[in-house]
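Colleague:
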Amino acid sequence: MNDKRIYFRIRNIIIFTLLMNMIFIFNIMKTKILCYIIGIIVLLIYLYINIIPLRLKKLNKRVCIMVSGYELIADSSLAVLIEIILYIFLLNTDNLTINSKEFIINGITAVCVLIIPVINGFMRMMFTSRNLGIVNRLLIVLLWWAPILNFIILNGCCKKVRYEYFYEQSKELRNDVRKENEVCRTRYPIVMVHGIFFRDWMFINYWGRIPKELMRNGAQIFYGKQQSSNAVCKSAQELKENILKIINDTGCEKVNIIAHSKGGLDSRYAISCLGLSKYVASLTTVNTPHRGCKYVDFLLDKAPDKFKNYVAKKYNRTFVKLGDKNPDFLAGVADLTLEKCSQFNIKVKDVEGVLYQSVTSKMKNMFSSGFPLNIGYILAKIFDGENDGLVEVSSAKWGNFLGTLTAGKKGISHGDMVDLTRQDIRGYDVCEFYVDLVRKLKEKGN
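Under our numbering, the residue at position 27 of the sequence shown is numbered 101, and the numbers go up by one with no gaps.
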């Protein structure tokens, strides 16, 4: 805990304790005018605490508001403990001038004083924390009235917020140390290529917090901008056109591609079959199904044509409205089958002079992620084996394999690898993983 948070906590506890016991203070103090002055000052500071969030150096406003919320709840809890000790002491004191009525009124006052910062703190955490997720938010909203259970849920939320604060703080400290070194300033720009069923939107970044972190460390970032779902050959053509535009606009000789999921297949095809190899220094595939997914074969084989066509029609129509020109749901999915990927690997050979490397992850169980990856995990587990919720581990290996990432009890899902949920995972710093990945590309001269 830094000095400012220590001061913040001590100040809050003192103010909360004084305001909770103003009835006792009025009873003890003989000078009523002084008592009123103290009461007004304490009340003003109390209001200030509940309105103005803590300001911490080098942390953004969101994190400061979130930490302030956590502190309000933590400080209120400590104030309750002090109040209990005070009551025990007063009740065991002889010649006490405070009567039972004043005890009750003071107790009611104490409860009212603490309810406000607890609700305030809870609301701040609810609206600012990335780690809480939908489930925790729903639980606390639905079960706030349930004794004991509400405290257990609130305590769990506070732990997640506390971890998020330490994560953000350590990230800022790391970036501060290496700021001048520009560890991600590679020789060639980075092109980040999304996977199937997503687009490169202006306001919703597929790659979460990763691009911003890379840019803070010197990286020059661009995006693939292919459509959300289409045949690999068509997506590859779109990718090629965009990369050539990047090269023309920036004057760079080549690019480094980091591609997730199907984006890895699109990139390989563009490099090997569309003449893009002379413009690509490296290709890093992340959780890409290079050898296909058996459960995709199963689903396409068993699902009725009418159902498949219905889903495809709805999907294509939706993504046209979202910006795609001519998406093709079925063509994109079909290229992930075992047969199509087998034919793909025969045709699409690695090109000498391009660095090929890959990395993947795996989930520990079906509860490691929400829908649809929990369902995907079960299917991939049955047909393939260890997987990330969509892609089997061995299918993701290509070129220089950098390893299979996993962490904690849940592991790391297909979406976690690109910070899709924006949640911090204990034992896996997604932004730092990519910083290290790009740093090594720089060291290789790329």
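A virtual CB, placed ideally from N, CA and C, is assigned to each residue, including glycine.
(1) Could you give the first and the last residue of the continuous alpha helix (DSSP H) run that contains S432?
(2) How big is the Cα-Cα spacing for H334 and P363?
(3) Do you know offhand how far N400's Cα is from Q300's?
(4) Find out if the Cβ-Cβ distance for the pair N205, D498 is shorter than 7 Å.
(5) Does the CB of G298 have a neighbour CB from chain E at under 7 Å?
(6) If we require 3 or more residues per run, which beta strand (DSSP E) segments fall completely within the region 235–320?
(7) Which word fits F82, buried or exposed, when buried means at least 16 other C-beta atoms lie within 10 angstroms of its C-beta?
(8) Looking at the structure shown, is T91 part of a helix, part of a strand, or coil, going by DSSP?
(9) Kindly indicate the opening and closing residues of the beta strand (DSSP E) around N330.
(10) Helix, strand or coil: which one does DSSP assign to L357?
(11) Hey, would you say L429 sits closer than 7 Å to C367, going by beta carbons?
(12) What are the boundary residues of the alpha helix (DSSP H) that N474 is part of?
(13) Any idea what DSSP makes of I499, helix, strand or coil?
(14) Can you tell me which of S469, N390, M437 and D379 puts its alpha carbon nearest to the alpha carbon of G523?
(15) Is the CB-CB distance between M200 and E157 below 7 Å?
(16) For the region 375–388 against the region 450–462, do three or more pairs of beta-carbon atoms, one drawn from each stretch, fall closer than 8 Å, so that the two count as touching?
(17) With a cut-off of 8 Å on the beta carbons, I'd call D267 and L318 a contact; round off their distance for me.
(18) How about S142 and R79: do their beta carbons lie closer than 7 Å?
(19) Bridge partners for N461 per DSSP, in chain order?
(20) Would DSSP call G444 helix, strand or coil?
(21) Could you check if L128 is buried or exposed, using at least 16 other CB atoms within 10 Å of its CB as the buried criterion?
(22) What is the rounded straight-line gap between the Cα of I114 and the Cα of S150?
(23) Would DSSP call G337 helix, strand or coil?
(24) Below 8 Å on the Cβ atoms is my contact criterion, and I expect T434 with N520 to pass it. Report the Cβ-Cβ distance as a whole number of Å.
(25) Compute the Euclidean distance between the alpha carbons of K131 and Y239, then round it to the nearest angstrom.
(26) Rounded to whole angstroms, what's the CA-CA distance from C231 to R136? Just pull it up for me.
(27) Touching or not, the region 458–478 and the region 392–399, by the rule of three or more beta carbon pairs under 8 Å?
Modeller: Looking at the coordinates:
(1) Note, S432: premise wrong, no alpha helix (DSSP H); beta strand (DSSP E) at L429 to S435.
(2) 10 Å
(3) 11 Å
(4) yes
(5) The displayed structure is made up of one protein chain only, and chain E is not part of it.
(6) 264–267 and 295–297
(7) buried
(8) helix
(9) V329 to H334
(10) strand
(11) no
(12) Per DSSP, N474 belongs to no alpha helix (DSSP H); it is in the beta strand (DSSP E), N474 to L479.
(13) strand
(14) This structure leaves residue 523 out entirely; the chain is present only between 75 and 520.
(15) no
(16) no
(17) According to the sequence shown, residue 267 is Val rather than Asp. With a Cβ gap of about 14 Å, V267 and L318 do not count as contacting.
(18) no
(19) E466
(20) coil
(21) buried
(22) 20 Å
(23) helix
(24) With a Cβ gap of about 21 Å, T434 and N520 do not count as contacting.
(25) 13 Å
(26) 16 Å
(27) no
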